[in-house]
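Notes follow once the structure below has been shown.
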Amino acid sequence: MAEAPSPSPKLCSICGLDCSNKQRTKDAQGKYICAECIAHAKQARAVQQAPKAAPAAPPKTVASTEADNAFLLDIPGPGAKKSDASTKPCPSCFKPMGENTLVCMNCGFNTKTGEQLKVRVIKAKEAPAVNADRRKGYSFIADIPDWAWVLGTAAITLVPLVIGFFMASPAIVLLGGLAYSLVSIVHWVLTLIAAARADVAWKFILVPFYQLYFIFSECENEVYKKLWILIFLTPPLFYCLFLLDANAGEALVKAMENP
Numbered sequence: 005m006a007e008a009p010s011p012s013p014k015l016c017s018i019c020g021l022d023c024s025n026k027q028r029t030k031d032a033q034g035k036y037i038c039a040e041c042i043a044h045a046k047q048a049r050a051v052q053q054a055p056k057a058a059p060a061a062p063p064k065t066v067a068s069t070e071a072d073n074a075f076l077l078d079i080p081g082p083g084a085k086k087s088d089a090s091t092k093p094c095p096s097c098f099k100p101m102g103e104n105t106l107v108c109m110n111c112g113f114n115t116k117t118g119e120q121l122k123v124r125v126i127k128a129k130e131a132p133a134v135n136a137d138r139r140k141g142y143s144f145i146a147d148i149p150d151w152a153w154v155l156g157t158a159a160i161t162l163v164p165l166v167i168g169f170f171m172a173s174p175a176i177v178l179l180g181g182l183a184y185s186l187v188s189i190v191h192w193v194l195t196l197i198a199a200a201r202a203d204v205a206w207k208f209i210l211v212p213f214y215q216l217y218f219i220f221s222e223c224e225n226e227v228y229k230k231l232w233i234l235i236f237l238t239p240p241l242f243y244c245l246f247l248l249d250a251n252a253g254e255a256l257v258k259a260m261e262n263p
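In case it helps, the numbering used here puts the sequence shown at residues 5 to 263.
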C-alpha cells in the first residue's frame, strides 16, 4: 500500500519560514503570514501613527484570521537578506540596525522617542591614486618627475642669466629675464587654478601673504612648491653673482650702459 503524500508546507510570504505548526493567517491572495510577522508589522504601524509614543510591545498571540493585511506590503519578502541575530529591523524603514541602537543610521528614526531625525549622508572624498614611482606633477603631464620640472625651469631661467652675466651679454641676460617673468606668470596662473579647485581663489588673490601660505601649507602639488622655491631664489642667486665676481658685474653694467 502506497504512502500518503505528506502535506505541502505552509510558508510565510514575509519571512519564508514554515508556519504549518504556528498561528498564521491567509490574505486575500491566499498567501500565508505567520503571527510573528504580523506582530512586527503591527508594532511598526503603531510607531508610525504615534511618533512621540514608545513602540508598542508585540502581542503574544494573534488570531488565526486577519481582515486587513495591507500594512504588510512594506515588509521585505522571502528573497530579502536576513539580518544577523544581533540586529533588528528599523520600525520606520525596516533596514537592519543594532539590537541596542536607538537611532537608525539609514533614515534617522529614534526608536525611543518615535521621532525621525534629518539624516544627511556625506561621502568621503576619494583620495587620488598616486603611484610611488610617479608622484604628482602638472596635471596634464603627470609622468614627468619633479626633478625634471625643476631642472627644466632652471635651464630656461637661471642658466641664461648666469651665461649672460659671465659673457657680459645684456641680450642673453634680457632673454633670461623674459623667460623668468614668463615662467613666473604661468606658474602663478596654475597655482591660482589649484586654489580655485580648493575654493580659496578669492583668498589667494585678495588676502595679503595668503599666496605663500597656500603654496607651502595647503597646496598638495609638490612640483608647485619646488618651482616656487626656485622662482623665489632666482633673483637672490643672480645678485650673488655680482658679489662673487665684481669684475664680471662691472663689465655687464658697462655693456648695458653702452649697448
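Heads up, the beta-carbon is just placed ideally off N, CA and C, and yes, glycines get one too.
Buried versus exposed call for residue i [16 or more other C-beta atoms within 10 Å across all chains shown]
i: A250; result: exposed
i: F220; result: exposed
i: P212; result: exposed
i: G34; result: exposed
i: L162; result: buried
i: P13; result: exposed
i: T29; result: buried
i: T238; result: buried
i: A45; result: buried
i: I37; result: buried
i: L121; result: exposed
i: A152; result: exposed
i: N104; result: exposed
i: L106; result: exposed
i: L256; result: buried
i: S24; result: exposed
Top-ranked residue by Cα proximity to residue i, from the options
i: E40; options: A32, D31, S24 and C19; result: C19
i: S90; options: G102, C97 and V187; result: G102
i: D31; options: K258, I209, S17 and A175; result: S17
i: P164; options: N262, L241, Q27 and K258; result: L241
i: C108; options: T117, C94, E119 and G118; result: C94
i: N110; options: G118, S96 and V154; result: S96
i: N262; options: A172, K26 and Y214; result: A172
i: A48; options: F113, N25 and K26; result: F113
i: L155; options: K230, L245, Q27 and Y214; result: K230
Residue i versus residue j: straight-line alpha-carbon distance, rounded
i: A71; j: D203; result: With a pLDDT of 45 at A71, under the threshold of 50, the modelled position of that residue is not reliable, and no figure is offered here.
i: E224; j: L194; result: 13 Å
i: V166; j: F236; result: 16 Å
i: S188; j: F170; result: 24 Å
i: K99; j: E222; result: 40 Å
i: G253; j: V227; result: 33 Å
i: M260; j: I160; result: 22 Å
i: D150; j: W232; result: 13 Å
i: L234; j: Y243; result: 14 Å
i: K258; j: S185; result: 24 Å
i: A43; j: A50; result: 11 Å
i: P174; j: L248; result: 19 Å
i: K209; j: Y217; result: Contrary to the premise, residue 209 reads as Ile rather than Lys in this sequence. Computed Cα separation, rounded: 12 Å.
i: I176; j: G168; result: 5 Å
i: H191; j: W206; result: 17 Å
i: E119; j: L15; result: 35 Å
i: D22; j: T115; result: 30 Å
i: A67; j: K92; result: Interpretation of A67 is limited by its pLDDT of 44, a score under 50 that renders its predicted location unreliable; no figure is taken from the coordinates.
i: V134; j: A158; result: Only weak support exists for where V134 lies, its pLDDT of 47 falling under 50; the value from the coordinates is given anyway. V134 and A158: Cα-Cα distance of roughly 26 Å.
i: K26; j: T117; result: 33 Å
i: L245; j: Q215; result: 29 Å
Proximity test, Cβ basis, 7 Å: residue i and chain B
i: V166; result: The structure shown has no chain B; it contains just one protein chain.
If we count Cβ pairs, one from each stretch, closer than 8 Å, do we get three or more for the segment 173–182 versus the segment 192–207? no
Scan the segment 191–236 and note each continuous alpha helix (DSSP H) run of 4 residues or more that stays entirely inside, going in chain order. 205–210 and 214–217
Segments assigned beta strand (DSSP E), at least 3 residues, entirely inside the segment 90–118: 91–93 and 100–102
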